[in-house]
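Student: Handing you this structure, nothing more for now.
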Amino acid sequence: AAKEIRERLAAALGDPSVSEEIWAGTFHAICMRILRKHGYRLGYPDNCTIYDTDDQKKLLSSCMKQLNIDDKQLPVKSVQNAISRAKDRMMTPDDFAAEAGRDFRAKQIARIYEAYQQILRESNAMDFDDLIMQTVLLLQQYPSVRQAYQDRFRYLSVDEFQDTNVAQLRLT
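Under the working numbering, the first residue of the sequence shown carries the number 5, and numbering increases by one thereafter.
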């Protein structure tokens, strides 16, 4: 789809060389491109690993075992969804723990989230939600990087913008 968008824009503009200048892709693909170039500023190497859903579930299960949290009481899928929603809202493990208050289930998820992020970091890895969240953090913390991309992109089009989450909105 991204290739087709580039080709259509190049044809509409009457200049095939312009397709090389156009960045078209999913939020995740665009963020990966930015992080490969600038992620070192956040401590990520340009060859960091991206965990897919299965890798994520395995790591979460491992964290839960280490923390003695029974996956029958708190299913891994529920934990995975809660952490994903937290990252979509730009919440760190500390933010999540603070919001959990006295809610026992949320406090358990906060403990898992913290352990999960620590192991991801130690493994030079990110999950898909980190791609967007870490890119937003990069652009917030490094004004020169943000300015370079603001200067680079005069126009931005987001397909199905009504479906964006907080992290995607901040990125945009």
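For every residue, glycine included, the Cβ atom is placed at its ideal position computed from N, Cα and C.
Report yes or no: do the segment 37-54 and the segment 18-25 share at least 3 C-beta pairs separated by less than 8 Å?
Tutor: The segment 37-54 is not in contact with the segment 18-25.
Student: Near ARG93, what residues of its chain come up, given a Cβ to Cβ distance below 6 Å and the 5 sequence neighbours on each side ignored?
Tutor: Taking the first residue of the sequence shown as 1, we reach residue 93 at position 89. The answer, listed in chain order, is VAL170.
Student: Residues in the same chain with beta-carbon distance under 8 Å from ALA119, minus the five sequence neighbours each way, listed in chain order, please.
Tutor: Along the sequence shown, read from residue 1 onward, the residue named residue 119 stands at position 115. Contacts found: CYS67, GLN70 and LEU71.
Student: List the residues that DSSP assigns as beta-bridge partners of THR53.
Tutor: Here residue 53 corresponds to residue number 49 of the sequence shown, with the count starting at 1. Note: THR53 sits in a beta bridge opposite ALA129.
Student: What number of angstroms, rounded off, separates the C-alpha of ASP19 from the C-alpha of GLN77?
Tutor: Here the question's residue 19 lines up with position 15 in the sequence shown. Here the question's residue 77 lines up with position 73 in the sequence shown. Each residue's Cα considered, the two are about 59 Å apart.
Student: Can you give the Cα-Cα distance for ASN85 and LEU17, rounded to whole angstroms?
Tutor: As a first step, residue 85 is located in the sequence shown; it is residue number 81 there, counting from the start. As a first step, residue 17 is located in the sequence shown; it is residue number 13 there, counting from the start. Distance between the alpha carbons of ASN85 and LEU17: 42 Å.
Student: Would you mind sorting TYR3 into buried or exposed? The rule is 16 or more other CB atoms within 10 Å of its CB.
Tutor: Because the chain here runs from 5 to 176, residue 3 falls outside it and cannot be looked at.
Student: Alpha carbon to alpha carbon, how far is ASP59 from ALA110?
Tutor: For this step, residue 59 is matched to residue 55 along the sequence shown. For this step, residue 110 is matched to residue 106 along the sequence shown. Each residue's alpha carbon lies about 22 Å from the other.
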